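Read in order, the letters of the sequence shown correspond to residues -31 to -1, 1 to 410 in mature numbering (1 follows the signal peptide of the UniProt record, and there is no 0).
Structure record follows, encoded as structure tokens.
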Amino acid sequence: MKKDGRNPAVAPLFPRFLLVCALIALRATVAHDSIQRTTILSNNEETDTVNIIEISNRRGSMSKARVYTDVNVLRPKEYWDYESLTVQWGDQDDYEVVRKVGRGKYSEVFEGINVNSNERCVIKILKPVKKKKIKREIKILQNLCGGPNVVKLLDIVRDQHSKTPSLIFEYVNSTDFKVLYPTLTDYDIRYYIYELLKALDYCHSQGIMHRDVKPHNVMIDHELRKLRLIDWGLAEFYHPGKEYNVRVASRYFKGPELLVDLQDYDYSLDMWSLGCMFAGMIFRKEPFFYGHDNHDQLVKIAKVLGTDELNAYLNKYHLELDPQLDALVGRHSRKPWSKFINSDNQHLVSPEALDFLDKLLRYDHQDRLTAREAMVIPFLACQLDYICLCGLIDGQTYPIQSFLKHVESRAMGREGVHKMHVLEMQSLSSIQTQNSSTWIL
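Right, dumping it as structure tokens:
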């Protein structure tokens, strides 16, 4: 019976109509999100876009870098679009090979000589690989040219017949880390870690992750106290929201994010690798985390940092371990860093060193020190700048050992060292600003 003149058959259609509209709107939102994700990922030759969209929907919120988040967003596309790079080839006949000094998965490395200047150089002959990867390494090296402690790219050449490309770098008279590290003093370690942090903070400030920090890629000329960060073949431009291949970095230096398949990682990956290096140096245990494969690598980490902390990390980022891996990891309590101190390394380990290490080796990548933060903590900031002065103080020069004693006993004190540190940090900021001003619109 009609009470208000409306057709009762029409009433149920209205909520049905609203439901249809809502479903259409939801589908449009999801499609729009998928389009955005696909666009962001279009420059990554190593990633499956479909899988990434599924992972993003499953995980919900994305992880972003705490610092230098939008560096590449604010710069013109030409800065990071390595696929559009036109390589300017030099003359291969300008260089001659002297001897082989190393090899890797993607290249063979030789000591060489520039026949025109008679200066030594390093020749990196690249193995067959995708052109995009070669262009990426070249573009990154060009962008970082002149940065502190970044190996300098001098030339790019290729064989006329085979078209095999080679990269020509500055020469560093380095000592094998397996020989050098056992001889380093506490002050040596502080100095070289600080020098490495300069390179990392610089490349991060330029929107670039190294993704393969390890002793093999840190060349040290101990006589000249010169350090260079080399091998930028796995380096990549950081874009917030982009998901990257986790098959990067060498096993012993892989961050937990890689081992649990968290793809939206950032610069903090390099800080984990640095922490592994530092642990190996102060504890005289190289490598510090010695896994036999990627699964075992996570097990070795969990036995030190604990599984409660690992589970908290997984829960925060809505990740789950493969059941087989979960069983392998087992259950472990966190081990105090003091457990690794022994009679052979105790002279290298201080409370400040352990505090520094603890702030680097964190499961949660967002909790790790950034490179800039690391440079100003007490372990480095208050005891290292005088070394950066190359032994010059009060107008006098000193042999390094007596110089250190001189500083400790009377000269600069904590306040003076802090002032010098501030000056150095201002200098680094100036370099970064000059580079950035070329690109930021």
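Backbone N, C-alpha and C define an ideal beta-carbon position, used for all residues, glycine too.
Predicted, not measured: the structure shown is a model, and the values here were computed from it.
Bridge-paired residues (DSSP) for residue i
i: Lys195; result: Asp190
i: Asp124; result: Ile137
i: Leu95; result: Ser76
i: Met178; result: Glu205
i: Gly81; result: Val66, Cys90
i: Val119; result: Leu198
i: Gly71; result: Val78
Contact belief for residue i with residue j at Cβ below 8 Å, rounded distance in angstroms
i: Tyr51; j: Arg89; result: Wrong, their Cβ atoms sit about 29 Å apart, outside the cutoff.
i: Leu329; j: Trp201; result: About 22 Å; that fails the 8 Å criterion.
i: Val126; j: Gln175; result: Not quite, the Cβ-Cβ distance comes to about 25 Å (not below 8 Å), so this is no contact.
i: Ile107; j: Val56; result: 6 Å
i: Gly71; j: Asp124; result: The pair is not a contact, with the Cβ atoms about 19 Å apart (cut-off 8 Å).
i: Glu278; j: Tyr332; result: 5 Å
i: Tyr160; j: Pro117; result: Wrong, their Cβ atoms sit about 14 Å apart, outside the cutoff.
i: Gly244; j: Met31; result: The pair is not a contact, with the Cβ atoms about 24 Å apart (cut-off 8 Å).
i: Val215; j: Ala168; result: Their Cβ separation, rounded to whole angstroms, is 23 Å, which puts Val215 and Ala168 out of contact at 8 Å.
Residue i and residue j closer than 8 Å at C-beta
i: Trp306; j: Leu326; result: yes
i: Pro184; j: Phe146; result: yes
i: Asp190; j: Asn142; result: yes
i: Arg68; j: Pro151; result: no
i: Leu288; j: Val229; result: yes
i: Lys304; j: Gln266; result: no
i: Leu113; j: Ile103; result: no
i: Ala296; j: Ile251; result: no
i: Glu212; j: Asp235; result: no
i: Ile92; j: Leu349; result: no
i: Leu122; j: Leu136; result: yes
i: Val268; j: Val298; result: yes
Rounded straight-line distance, which links the Cα of residue j to that of residue i
i: Ser302; j: Gln293; result: 20 Å
i: Lys101; j: Leu203; result: 12 Å
i: His208; j: Phe247; result: 28 Å
i: Gln352; j: Arg194; result: Note on Gln352: pLDDT 47, under 50, position unreliable in the model; the coordinate value appears next. So the two alpha carbons sit approximately 16 Å from each other.
i: Gln315; j: Lys308; result: 11 Å
i: Asn41; j: Glu205; result: 11 Å
i: Ile158; j: Ala340; result: 16 Å
i: Arg300; j: Leu110; result: 43 Å
i: Val36; j: Ser131; result: 43 Å
i: Phe372; j: Asp324; result: Only weak support exists for where Phe372 lies, its pLDDT of 48 falling under 50; the coordinates are left without a value.
i: Glu226; j: Leu238; result: 8 Å
i: Ile199; j: Leu165; result: 11 Å
i: Asn280; j: Ala34; result: 21 Å
i: Asp155; j: Asn311; result: 15 Å
i: Ser219; j: Phe258; result: 12 Å
i: Asp262; j: Asp128; result: 37 Å
i: Leu290; j: Ile270; result: 15 Å
i: Asp336; j: Asp39; result: 19 Å
i: Pro97; j: Ser76; result: 9 Å
i: Pro368; j: Thr144; result: Legend: pLDDT at Pro368 = 47, less than 50; position of this residue unreliable, no value from coordinates given.
i: Thr196; j: His179; result: One point to set straight first is that residue 196 is Leu, not Thr, in the sequence displayed. Taking the straight line joining both Cα atoms gives about 16 Å.
i: Pro134; j: Gly81; result: 15 Å
i: His173; j: Leu43; result: 14 Å
i: Tyr286; j: Asn85; result: 55 Å
i: Leu153; j: Ser53; result: 44 Å
i: Arg(-5); j: Leu231; result: Residue confidence is low: Arg(-5) scores 43 on pLDDT, short of 50, so the model does not pin down where it sits. Its coordinate-derived value is still stated next. Roughly 26 Å separates the two Cα atoms.
i: Val78; j: Arg105; result: 19 Å
i: Tyr282; j: Lys272; result: 15 Å
i: Asp313; j: Val66; result: 41 Å
i: Lys46; j: Lys99; result: 21 Å
i: Asn83; j: Met188; result: 21 Å
i: Val318; j: His264; result: 29 Å
Cutoff 8 Å: residue i Cβ touching any chain B Cβ
i: Ala296; result: The structure shown contains no chain B; it holds only a single protein chain.
Next on the checklist: At 4 residues or longer, what runs of the alpha helix (DSSP H) sit wholly inside the region 207 to 287?
Outcome noted: Listed in chain order, they are 225 to 228, 237 to 252, 263 to 274, 276 to 285.
Checklist entry - Can you list, in chain order, the stretches of the beta strand (DSSP E) that have 3 or more residues and sit fully within the region 284 to 311? => result none
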